[in-house]
Amino acid sequence: MDGNQQVLPLAFAVVDEETYPSWKWFLQQLSRHVIRGRRGMCLISDRHGELIKAVREGPDFVSPHGVHRYCLRHVCSNFNSTIKNVVLKDLCWQAGSEYQLRKFNRIMDEIKKQDVKAFALRPD
Numbered sequence: 001m002d003g004n005q006q007v008l009p010l011a012f013a014v015v016d017e018e019t020y021p022s023w024k025w026f027l028q029q030l031s032r033h034v035i036r037g038r039r040g041m042c043l044i045s046d047r048h049g050e051l052i053k054a055v056r057e058g059p060d061f062v063s064p065h066g067v068h069r070y071c072l073r074h075v076c077s078n079f080n081s082t083i084k085n086v087v088l089k090d091l092c093w094q095a096g097s098e099y100q101l102r103k104f105n106r107i108m109d110e111i112k113k114q115d116v117k118a119f120a121l122r123p124d
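Have a look at this one:
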């Protein structure tokens, strides 16, 4: 139980590799054994391309049934592995942690001002 007295389902699987068939199988098992018709489920992931493809094909994590969100730590880590700039990585974290759109946009403008290529890497 979480702080709101709600169940927090966690799931994982051990597979040979992160491929589309593996992700599709995992999401099918998740749907069958964890989601079981519940609405409003949230999947948090590292933006793996094959997972995104599998999520888009299934109904459980597409609005209004559920949502797919990206892990900020992974977003910033992937961003930094491409850009290799600690200042921009910190700005990425600040932007992702921001609750106010106005402040988020200000941080994104700063990223764009410092490096247009870095700005182009922002997730959808």
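Heads up: the sequence shown begins at 1 in the UniProt record's numbering, then just goes up one per residue. Backbone N, C-alpha and C fix where the C-beta goes; we use that ideal spot for every residue, glycine too.
Helix, strand or coil at residue i according to DSSP, with G and I counted as helix
{"i": "Ser63", "result": "coil"}
{"i": "Cys42", "result": "strand"}
{"i": "Tyr99", "result": "coil"}
{"i": "His68", "result": "strand"}
{"i": "Gly58", "result": "coil"}
{"i": "residue 154", "result": "This structure leaves residue 154 out entirely; the chain is present only between 1 and 124."}
{"i": "Lys84", "result": "coil"}
Alpha carbon of residue i to alpha carbon of residue j, nearest angstrom
{"i": "Gln6", "j": "Lys113", "result": "43 Å"}
{"i": "Ile83", "j": "Glu98", "result": "21 Å"}
{"i": "Ser63", "j": "His48", "result": "20 Å"}
{"i": "Gly66", "j": "Asn85", "result": "34 Å"}
{"i": "Asp2", "j": "Phe12", "result": "19 Å"}
{"i": "Trp25", "j": "Glu17", "result": "12 Å"}
{"i": "Gln100", "j": "Met108", "result": "12 Å"}
{"i": "Cys76", "j": "Asn4", "result": "29 Å"}
{"i": "Phe104", "j": "Arg32", "result": "37 Å"}
{"i": "Arg102", "j": "Val116", "result": "20 Å"}
Proximal residues to residue i (C-beta, below 8 Å), its chain only, five neighbours per side dropped
{"i": "Phe79", "result": "Leu88, Lys89, Cys92, Ala118 and Leu121"}
{"i": "Glu110", "result": "Leu91"}
{"i": "Tyr70", "result": "Ile44, Ser45, Asp46, Arg47 and Pro123"}
Residue i and residue j closer than 7 Å at C-beta
{"i": "Asp60", "j": "Ile35", "result": "yes"}
{"i": "Ser22", "j": "Val15", "result": "yes"}
{"i": "Leu72", "j": "Gly37", "result": "no"}
{"i": "Leu27", "j": "Gly58", "result": "yes"}
{"i": "Val55", "j": "His74", "result": "no"}
Spatial neighbours of residue i in its chain, beta-carbon cut-off 7 Å, leaving aside the 5 residues before and after
{"i": "Lys53", "result": "Tyr20"}
{"i": "Glu50", "result": "Glu18, Thr19, Tyr20 and Trp23"}
Cβ neighbours of residue i in the same chain (closer than 6 Å, five flanking residues each side left out)
{"i": "Pro9", "result": "Val34"}
{"i": "Met41", "result": "Ile35 and Gly66"}
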